[in-house]
């Protein structure tokens, strides 16, 4: 399957600041990547679909102006949490899909804590 | 639409078997099974695409019913390493869609 690298693994930021999370596909050219959020003891919730060279598609209820997604190349997608607040503290995970019969490979995740 | 997973939690002794179910009110394009350890990203177990499909090996296998609305994950002769939370993820279409995950099944294996 595809290999995905996500950075940083942990970040603590002050309320009101912005944080950028990077997701890299190391061995696969990904026209599409996915961003999920997972609160403690809950399931993964799809936030948005990142499309190379075009605008991201956001799930209902996800603020596109708060969670900025950029997918400028076939190997890199970034998620920027703008004006972060404590309620944005969560585990953010990126993912991409290999071929039709391949599963989705996940990055190692980013634990964001907003203080 | 979020698939319904059951049970919510299972406690087993090492060597016992478990079945985790995932169901949807609508036919699905595919079902994906993942295991997640605490603080880590989910790890892909298997994908099922065809109605009536069964795949995996003797220890961990899964099925997808003919109507493509229900899938089960079978864990046989469980090992301590099987502990974690199991999620089914479903895709409604065949395009590049993200997955909708069930709420998860928390599996604890005791020695």
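Chains as they are written, first to last, in my numbering: chain A, 4 to 118; chain B, 627 to 737. Cβ coordinates follow ideal geometry from the N, Cα and C atoms, glycine included.
- In this structure, residue 87 of chain A lies away from residue 8 of chain A, with their beta-carbon atoms at least 8 angstroms apart.
- Scanning chain B for C-beta atoms nearer than 9 angstroms to the C-beta of residue 92 of chain A yields nothing, as the closest lies near 14 angstroms away.
- At a beta-carbon threshold of 8 angstroms, none of the residues of chain B lie near residue 8 of chain A; the nearest stands roughly 11 angstroms away.
- Pairing residue 636 of chain B with residue 731 of chain B gives a Cβ-Cβ distance under 8 angstroms.
- Residue-level contact by beta carbon holds for residue 726 of chain B and chain A, with a gap shorter than 8 angstroms.
- The beta carbon of residue 77 of chain A sits closer than 8 angstroms to the beta carbons of 28, 32, 33, 34, 55 from its chain, once the five residues preceding and following it are set aside; these are given in chain order.
- Linking residue 72 of chain A to residue 643 of chain B through their CA atoms gives a straight-line distance of about 43 angstroms.
- For residue 708 of chain B, the secondary structure class from DSSP, reduced to helix, strand or coil, is helix.
- Excluding sequence positions up to five before and after residue 114 of chain A, its CB lies within less than 6 angstroms of the CB of 13, 94, all in the same chain and listed in chain order.
- Residue 19 of chain A and residue 38 of chain A have their alpha carbons spaced roughly 22 angstroms apart.
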